[in-house]
Every structure is written in structure tokens, then in C-alpha cells.
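Visitor: Encoded as C-alpha cells, here's the structure I'll be asking about.
Number of protein chains: 2
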Amino acid sequence: MKFYYFSGAPSPRKVGIVIAEKGLEIPTVIVNLREGKHRTEEFKATNPSWTLPVLELDDGTCITESLAMVHYLEQLYPEPNLMGIDAKEQALVLMWHDISTLEGYLGIQERYRNSLDFPEGRALPGPVSYDRIPALVDRGNRRIQAFFDKLDRRLGESLYLAGDRYTYADIAGYVYCMFAKRVTGQDSAERRENLTRWRDEIAARPAVLDQPG
Amino acid sequence: MKFYYFSGAPSPRKVGIVIAEKGLEIPTVIVNLREGKHRTEEFKATNPSWTLPVLELDDGTCITESLAMVHYLEQLYPEPNLMGIDAKEQALVLMWHDISTLEGYLGIQERYRNSLDFPEGRALPGPVSYDRIPALVDRGNRRIQAFFDKLDRRLGESLYLAGDRYTYADIAGYVYCMFAKRVTGQDSAERRENLTRWRDEIAARPAVLDQPG
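Each protein sequence line maps, in turn, to chains X and Z.
The opening residue of the first sequence carries number 478 in my numbering; numbering runs sequentially from there.
The opening residue of the second sequence carries number 478 in my numbering; numbering runs sequentially from there.
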């Protein structure tokens with residue numbers, strides 16, 4: 478296998494934490510997003526969507542979506558379990574992963590990619606050019622607040638997002654928290670007690686500490 | 478189990494096709510989206526995100542994201558397999574599902590929910606009100622075209638999205654195709670030969686034919 482990675486971006490970071498939690502050593506190719514190394518004809522052969530991370534399998538198949546590669550790694554290296562033990566827990570992990578991605582991550586991306594600091598024409602990832610839409614900056618800010626309110630409510634009901642155990646849903650939610658903090662310059666956990674408790678606990682895990690970004 | 482469903486909307490339809498493919502009989506509660514029956518205090522107890530479908534388990538747990546409920550049903554009723562046999566095929570199903578959802582479905586939703594035909598204040602699903610942003614109608618149209626170009630290219634390489642076999646990735650992609658046709662009034666498969674071949678084949682499946690919407 479080969480892992481295409483860049484430490485500064487949320488999606489590679491999610492999969493990077495999974496690899497660290499499982500103690501895996503996968504040969505890693507750094508693709509420098511800040512220098513635009515993902516937007517090249519060379520990288521297009523690996524991933525025509527120009528996104529990171531990518532997990533290249535030994536037969537050359539390139540898996541390009543984070544959830545798909547985490548599921549693959551979980552099948553090959555089941556310990557420690559991160560995707561749920563039984564059908565119900567697995568469903569709750571997928572559910573809280575998708576809630577976090579669709580309601581949280583997409584809102585943060587809106588806020589980030591439509592602001593004047595972000596290069597014009599790149600309001601969505603990938604090779605097609607989309608102009609900034611300034612109204613999405615405000616909408617993104619509102620989505621981020623609604624997302625953190627939802628996480629905080631959930632974390633008042635259970636210790637972790639999918640239940641009483643740390644899973645990939647927490648890894649995704651945590652990475653989105655830190656991405657939001659970087660993008661907005663604000664600490665989303667502030668005044669949200671459950672979110673603060675959970676965030677600080679995850680931040681102290683060796684697999685999370687070990688990773689820059 | 479109990480299944481909260483409405484036949485006119487794409488996400489319930491995806492899970493409804495899975496239930497039909499597996500030949501399951503699950504007690505079903507119709508929640509009429511057109512009459513706003515999902516935007517009530519009563520339904521909020523089932524799903525605070527006010528979305529459909531929902532799969533309520535026997536212990537009262539409500540699973541609210543389509544992928545999570547399809548995974549759950551696949552674990553309980555593995556035949557016919559729709560989520561992949563081995564780790565690699567499972568990863569490809571998840572990958573093409575997520576590509577279709579993030580690049581296709583979200584673009585169609587942009588086009589749909591920001592047009593003047595759609596009620597104001599509901600540009601995103603859920604209880605938080607977001608105003609229409611007219612620029613997203615054009616952007617949605619462009620995303621839809623880019624998505625269908627990508628599906629057509631992929632379906633020139635393999636018979637189905639995840640490989641040589643019909644899976645949940647095809648169910649999702651097909652439902653998005655039909656949703657785009659309804660929203661835009663245009664046949665997305667037109668002039669795209671691979672997409673037409675695949676779409677027509679899926680449309681003729683008994684589990685797909687049986688379902689209205």
C-alpha cells in the first residue's frame with residue numbers, strides 16, 4: 478500500500494490518526510497542498526478529483542474517499558476497533574460520521590473556500606473551477622455554530638459520539654473541530670462544556686498528539 | 478424495526494430500493510414531506526434533523542443517515558450482497574457512494590433548494606433556517622453536469638460504479654440521476670452513452686420498478 482498525505486488538511490489528518498491508532502507503518506508520499514502539488518497532471522493519474530488523502534492498494538487501485546479507506550484498513554487491521562463492534566454500533570459510527578461531515582465539515586469548507594483569503598476559482602475541491610460566493614461565508618459561520626451545538630447536545634447524552642467508546646466518528650468530529658478553529662480563529666468548544674471535555678480528551682491521545690496539523 | 482419513509486424524496490428512495498432488493502417487510506410509517514409532516518415537534522423526537530428516512534430499531538434507537546441504515550440492514554440480511562464482498566469491493570462501494578453523494582447529490586440539492594420554486598428559508602435541510610442564495614442555482618447546474626460526466630467516464634471503464642456488479646453505489650447514483658431529471662427537467666443521460674446503458678438497466682430492475690417516486 479501507499480498513502481498520499483499532507484499534514485495540514487483535515488481529510489488526510491482523519492485517516493492519518495486512524496493509521497496511528499492502529500500502529501500501522503504505510504509508505505507515505507507527501508503531496509504538498511500549499512504548493513498545489515495535488516493540482517498537477519501527474520497527481521491526476523492517482524486521483525482525478527485532485528483531493529487528498531489517497532490509499533493506493535498493492536494492485537494499483539486508488540481509494541480516494543476517507544471513509545472508504547478507513548473501512549478498508551479496519552477490515553485488514555481490525556485492532557483496535559474504530560468502526561464499531563456489532564451492527565448497531567457500526568450504524569451509529571457511520572451515522573455520526575455522516576452527520577459530522579455533512580453538517581459540520583461542509584459548513585466549515587463553505588466558510589473557508591469562499592472567503593477572500595482563499596484563491597479565486599476554488600470554492601469547491603477538484604479540477605472544475607467555481608467562483609467564490611461571498612454569501613456562503615456567513616452561511617458557513619452559522620452552520621458551524623449549529624453543528625457544534627448539536628455535538629455538544631449529543632456529548633451531554635453519551636461520552637462519545639457513537640456511544641460510550643472512542644470511534645472513528647470522534648476522530649472525524651475532532652478533526653473538524655480543530656479545522657473550524659483554524660478557519661474561524663475561534664475556539665468552537667468555548668462555552669460548550671461537553672464539547673470541551675470530549676475535545677480535550679481526544680487531543681491528549683498519543684495517536685492524535687503525534688500528528689502535526 | 479420501523480421505517481419512516483416518503484416515496485417522493487431521494488434519500489428514502491435509496492433505502493427503500495435496498496429493502497426491496499433484500500425482499501424485506503419492515504413496518505413503514507409514511508411521513509408526508511410535501512405536507513411538512515417532518516417539520517413537527519412530534520417528528521423531532523424521532524429525528525431532530527427533520528430528515529427522512531429514519532430506521533427505528535427495536536430498542537428505540539433511531540438511525541438517521543441512509544448509509545448507516547443500509548450498512549445495518551446488510552449486516553442483518555446479507556443476501557443479496559449490496560455493500561461489497563471483500564475489503565476492496567466494500568471500499569469501492571463506499572468510495573463511489575461518497576463521490577456520488579458529495580459531488581452529485583449536493584449539487585442537485587443546491588440547484589433545487591435555492592430556486593424560486595422552493596420555499597424560502599429552507600436552502601438546507603433541518604430545523605435551522607437558511608435563505609436561498611440565487612448564485613447556487615447556476616453552480617448546482619454546473620456541478621450536476623460535472624458529476625454526470627464523471628459517472629459516464631467511470632461507466633466506460635466498468636459495468637457498474639464499484640466494478641462489474643450491481644451494488645448500493647449504483648442505487649445511490651441512479652436515484653441521484655432521477656432526482657436531477659426531476660429537478661432540472663433534463664435527462665442527464667442524454668448524449669452520455671455509458672450512463673444511458675447503466676441507467677436503463679437499473680430502471681428495469683423489479684426492486685426499482687416497484688417503487689414509486
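No residue lacks a Cβ here, since even glycine has one placed at the ideal position from N, Cα and C.
Keep in mind it's a predicted model, so treat the numbers as computed, not measured.
Examine chain X for any beta-carbon lying closer than 8 Å to the beta-carbon of T541(Z), and answer yes or no.
Guide: With 8 Å as the cut-off, T541(Z) counts as an interface residue toward chain X.
Visitor: Excluding the 5 residues flanking V492(Z) on each side, which residues of the same chain have their C-beta closer than 7 Å to its C-beta?
Guide: Only P530, S543, M546, V547 meet the Cβ criterion.
Visitor: Can you grab the Cα-Cα spacing for the pair C654(X) / Y651(Z), in whole Å?
Guide: Rounded to whole angstroms, C654(X) to Y651(Z) spans 34 Å at the Cα level.
Visitor: Check whether the Cβ atoms of P489(X) and F656(X) lie closer than 8 Å to each other.
Guide: No.
Visitor: If we cut at 8 Å on Cβ distances, does V614(Z) have a partner in chain X?
Guide: No, V614(Z) lies away from the interface with chain X (no Cβ there is under 8 Å from its Cβ).
Visitor: Would you give the residue range spanned by the beta strand (DSSP E) that T505(X) belongs to?
Guide: Here the beta strand (DSSP E) through T505(X) covers 505–507.
Visitor: Check whether chain Z comes within 8 Å of G690(X), counting only Cβ atoms and requiring the distance to be less than that.
Guide: Bear in mind that the predicted position of G690(X) carries a pLDDT of just 48, short of 50, making it too unreliable to give a figure here.
Visitor: Identify every residue that forms a DSSP beta bridge with C539(Z).
Guide: Note: C539(Z) sits in a beta bridge opposite E533(Z).
Visitor: Can you grab the Cα-Cα spacing for the pair R642(Z) / P555(Z), in whole Å?
Guide: Roughly 16 Å between the two C-alpha positions.
Visitor: Inspect the CB distances between the segment 588–596 of chain Z and the segment 606–616 of chain X and report whether three or more fall short of 8 Å.
Guide: Touching, no, given that fewer than three Cβ pairs across the two stretches are closer than 8 Å.
Visitor: Is any beta-carbon of chain X found at less than 8 Å from that of L672(Z)?
Guide: It does not; no Cβ of chain X falls within 8 Å.
Visitor: Check whether the Cβ atoms of A623(X) and H574(X) sit closer than 8 Å, and answer yes or no.
Guide: Taking 8 Å as the Cβ cut-off, A623(X) and H574(X) do not qualify as a contacting pair.
Visitor: Are the beta-carbon atoms belonging to T578(X) and M572(Z) less than 8 Å from one another?
Guide: No.
Visitor: Determine the chain Z residues that contact H548(X) at a beta-carbon separation under 7 Å, and present them in chain order.
Guide: Correct list: Q567, A568, L571.
Visitor: Given a threshold of 16 other Cβ atoms within 10 Å of its Cβ, counted over all protein chains shown, does S665(X) qualify as buried or as exposed?
Guide: It counts as buried.
Visitor: In three-state DSSP terms, what is F480(Z)?
Guide: F480(Z) falls in the strand class under three-state DSSP.
Visitor: Could one say the Cβ of V605(Z) lies closer than 8 Å to chain X's Cβ atoms, at least one of them?
Guide: So, interface residue.
Visitor: With DSSP collapsed to three states, give me the class of N558(X).
Guide: It is coil, neither helix nor strand.
Visitor: I610(X) touches chain Z at which residues, Cβ-Cβ below 8 Å?
Guide: Correct list: I610, A612, L613, R616.
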